[in-house]
Structures are given as structure tokens and as C-alpha cells.
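Position in the sequence shown counted from 1, then plus 385, gives you the numbering used here.
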Amino acid sequence: MSFDRSIKIAPSILAADFANFGAECEAIEAQGADWVHVDVMDGHFVPNITLGPATCAAIRPHIKGVMDVHLMIAPVDPYIEAFAKAGADVITAHVETTPHIHRTLQAIRGAGAKAGVALTPGTPASAVAELLDMVDLICVMTVNPGFGGQKFIDMTAKIRDLRAMIGDRPVHIEIDGGVDPRPRRWWRRPEQMCWWRAPPSSRAARSATPRPTARTSARSAPPPKAPTSDLAGRGSSRA
Ligand code: ZN
Numbered sequence: 386m387s388f389d390r391s392i393k394i395a396p397s398i399l400a401a402d403f404a405n406f407g408a409e410c411e412a413i414e415a416q417g418a419d420w421v422h423v424d425v426m427d428g429h430f431v432p433n434i435t436l437g438p439a440t441c442a443a444i445r446p447h448i449k450g451v452m453d454v455h456l457m458i459a460p461v462d463p464y465i466e467a468f469a470k471a472g473a474d475v476i477t478a479h480v481e482t483t484p485h486i487h488r489t490l491q492a493i494r495g496a497g498a499k500a501g502v503a504l505t506p507g508t509p510a511s512a513v514a515e516l517l518d519m520v521d522l523i524c525v526m527t528v529n530p531g532f533g534g535q536k537f538i539d540m541t542a543k544i545r546d547l548r549a550m551i552g553d554r555p556v557h558i559e560i561d562g563g564v565d566p567r568p569r570r571w572w573r574r575p576e577q578m579c580w581w582r583a584p585p586s587s588r589a590a591r592s593a594t595p596r597p598t599a600r601t602s603a604r605s606a607p608p609p610k611a612p613t614s615d616l617a618g619r620g621s622s623r624a
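Structure follows, in C-alpha cells:
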């Protein structure tokens, strides 16, 4: 797996038929999804309950690429090992769920997964300033977590701040919530997020094969001077 800043599409299985996860994961990959985003909710940190490690383990064989597990649960530490054993490539924990997010991120990497940290809309970019060298992904929530299908909340300023803070580090910025394919003016600015901005040939291909939308992992701006071997290999290559 090697890190790169190409745009990734990571549909959430929240939008899937819950009685048919395996086939749904295979279908979104067949339509070009780069990662499969798995939203785990506990009815405590967020007002909804979705699924747990057993379900992740069950769908793992149906995912050829990256299984990107977003834990919206508190406490989170007792469950990290279980999700890693279930085959999660990326495990993301919320900074709001623990006073010891540093320890949580250490535990995620210690379990063999890539470490992500997520921010709800009310949490500033500065909350992860001391964590930049120990994360592989920063998830910017563009809805208040808890349900699928909510309206997108513009977090442009936070994303811009994070991008500047990250610099050349091999860290993904993931935009999660309310993402849809309708063009937004700020997406077209190259210095900001632009995950739907693709070469004309790619755009034509996408319009010919609509893909499910929900969560999008994206990066922006110039490639790092010295790409570091990291996240992105499995299932991340596409035109
Ligand atoms: Zn998510």
C-alpha cells in the first residue's frame, strides 16, 4: 500500500441493504468505489446503532479493497482490537470520545491498522494539531454524526486549515457526510477540496456509470515531494 493524493470515493454501507451487505459491497466496488466506508454507531456517542465487529468480519471477504471503519462509539479503546481482527484497514476514532485520543491512536496502530481521527462539525482543526504525525487520516464530519442522508454542512475553512497543517505528511483528509455529486463552487478551486473534479474522460466514465454516494475520502493540492509507503494500495488505484 502506498500513499498518494489521488481522489478516492468511499461509499458508506449505511446506504446499503442491511440484509445484503456482502453483495452490496461487491456492487459498489464493481462500480468503482475505492474504499468501503463502514459507519459504526453505538446509540451512546451518537443517537443511532448500526453494526459491530462481527458484521465487519462477515463483510470483509466481500471487499477487495480498503475497509475503512469509522467508529462513532464511546468508549472506543475496548473495541479497537476487535475491529482490527475483523479486518479493518483503517480505524478512525473521534477526538470527542476520549480525553486520551493520543493513546487511542497508538492502540490503533499497535493493532496493525491505519489510524484515523475524526472531528464533528463543532470541533476545530486545532484539536488534532498535536496528532499529525501519528495519524494516517483525518475525517472531517460535514454532518452531525448519527444518521445517513443529512444535509451537507460547509466545513471549507476547517479543511483548508487542516490541509495547511498537514503539509507534506502522508495524511488523508476524508470528508464524511452529506456528500453528493452536485457541483459546488468551492470544489472547483484547486487549492481546496475537489473530489468530483476529474479529467473530462473520467467525468464521462462516471456519468455513464453512476455510483452510490455517501462518504468521500479526498485529498487536495500538490503531491508530496517524497511519497511515503502507506495507505492506498489495496483497491485504491483507478483511472
Ligand atoms: Zn463515516
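Backbone N, C-alpha and C fix where the C-beta goes; we use that ideal spot for every residue, glycine too.
All figures in this text were calculated on a predicted structure; none of them were measured in a lab.
Residue i, buried or exposed, once every other Cβ within 10 Å from all chains shown has been counted against 16
i       : result
Ala-599 : With a pLDDT of 45 at Ala-599, under the threshold of 50, the modelled position of this residue cannot be trusted; read the value that follows with caution. Answer is buried; the Cβ neighbour count reaches 16.
Arg-434 : In the sequence on display, residue 434 carries Ile and not Arg. Exposed: under 16 other Cβ atoms inside 10 Å.
Glu-515 : exposed
His-422 : buried
Phe-388 : buried
Gly-501 : buried
Asn-428 : Just to set this straight, residue 428 is Gly in the shown sequence, not Asn. That one is exposed.
Ala-503 : buried
Ser-602 : Note on Ser-602: pLDDT 48, under 50, position unreliable in the model; the coordinate value appears next. Per the 10 Å Cβ criterion, buried.
Asp-453 : buried
His-557 : buried
Ala-473 : buried
Ser-592 : Legend: pLDDT at Ser-592 = 46, less than 50; position of this residue unreliable, value from coordinates given subsequently. Looking at its Cβ environment, which holds fewer than 16 other Cβ atoms inside 10 Å, Ser-592 is exposed.
Ala-617 : Its pLDDT being 45, under 50, Ala-617 is placed unreliably in this model, and the coordinates cannot settle the point.
Lys-536 : exposed
Trp-580 : With a pLDDT of only 39 at Trp-580, under the threshold of 50, the placement of this residue in the model should not be trusted; the figure read from the coordinates follows. When all chains shown are included, Trp-580 counts as buried.
Cross-strand partners of residue i (DSSP beta bridge)
i       : result
Ala-503 : His-479, Cys-524
Met-457 : Met-426
Where the beta strand (DSSP E) containing residue i begins and where it ends
i       : result
Glu-466 : Glu-466 -> not in any beta strand (DSSP E); alpha helix (DSSP H) instead, spanning 465-470.
Extent of the continuous alpha helix (DSSP H) run through residue i
i       : result
Ile-493 : 486-495
Met-550 : 541-551
Using 8 Å as the Cβ pair cut-off and three pairs as the minimum, do the region 397-407 and the region 482-497 touch?
no
Unbroken alpha helix (DSSP H) runs of length 4 or more, entirely within the region 405-452: which are they?
406-415, 438-444
Decide yes or no for the touch test of the region 499-509 against the region 478-486: beta carbon pairs closer than 8 Å, at least 3 of them.
yes
Would you say the region 431-448 touches the region 540-547, given that touching needs at least three Cβ pairs under 8 Å?
no
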